[in-house]
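Residue numbers (numbering that gives the first Met the number 0): 0 to 223.
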Amino acid sequence: MSLRAVYQRLKRNLGGQDWWRADGPLEVMAGALLTHQTAWSGVEKALRRLKDRGLMTVEGLAAAPLAVLEECVMPAGFYRVKARRLQEMARYILHNHDSLREFLSLEAGQLKRRLLGLPGVGFETADAILLYAVGHPVMVVDAYTRRIMRRLGMALPRDYEGARRRLEEELPQGVEGYQEFHALMVELGKRHCRPNPLCTPCPLLDLCPHGMKVVGGGGELSSP
DNA sequence: ACCCAGGTGGCCC
DNA sequence: GGGCCACATGGG
């Protein structure tokens, strides 16, 4: 089964995900930093706290006492480092650009390099910002995507950029499709593709891993 | 009492 | 380039 076929099947059955809705680009950027190794429910609480205190602006994040940011970020975990990263990002933009808008309107490659220079922004976070905050057609490669691809027998290259290019080549190209595919990988992964060998069977795809056991019945146990 | 979550950076080899 | 660890709260 081709990757495009996988995508079409998931999309048909799980529907449009309309994922990662946010008030504006800054909220997407903050969410991208806060979601590191963290459940989204905690990220939502943190974003809510920041907004309720009027801190969801570049100026607000840049000027707020670190202790206040930490208190807001708390429910998203890793709160000390994440609060600092939020502030560093805001201060960078404030000190080096006319506005958030101007910063985000840089050419995609330029923007990505600058994002990567910020503390806490690695390849995945940078690409998430490009795709969801700005709307550039780049794939985001996360842990779920890698795991699912591996269990489909289509393991991605280990290096991030190689993996991203592979997905971008094999999928229908464009912002819509990339956002949708990424969302589908995460939602499917949460249900049926955990790191632990004990995973629930996936009714849509043969995700059965490593020849390990499946809980619940319905998944194939075909051992070669 | 585990395991896990929409990663990244620092350190080591 | 890789492998290991810290970073921390909250839900199943």
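Using N, Cα and C, we set each Cβ at its ideal position, and we do this for glycine too.
- The beta carbons of A107 and L115 sit no closer together than 8 Å.
- If you ignore the 5 residues before and after A21, its C-beta comes within less than 6 Å of the C-beta of V27, all in its own chain and listed in chain order.
- Taking the Cα positions, P156 is about 13 Å away from E167.
- Q86 is positioned such that its CB atom lies no closer than 8 Å to that of L99.
- L54 places its beta carbon less than 8 Å from that of C71.
- For the set N95, R149 and L129, the Cα lying nearest the Cα of G188 is the one of R149.
- Of all C-beta pairs linking the segment 183 to 197 to the segment 158 to 172, fewer than three are shorter than 8 Å, placing the two stretches out of contact.
- Look at F180 here: in three-state DSSP terms it is helix.
- For R150, the enclosing alpha helix (DSSP H) stretches over residues A142 to R150.
- By the 16-neighbour rule on beta-carbons within 10 angstroms, G134 is exposed.
- When the five nearest sequence neighbours on each side are left out, the beta carbons in the same chain lying within less than 8 Å of the beta carbon of H181 are those of W18, L130, M138, V139, D141 and T144, in order along the chain.
- Counting along the chain, the unbroken alpha helix (DSSP H) around W39 starts and ends at W39 to D51.
- In the DSSP assignment, T124 falls within the unbroken alpha helix (DSSP H) covering F122 to A127.
- Under the DSSP assignment, M0 falls outside any alpha helix (DSSP H); it carries neither an H nor an E label.
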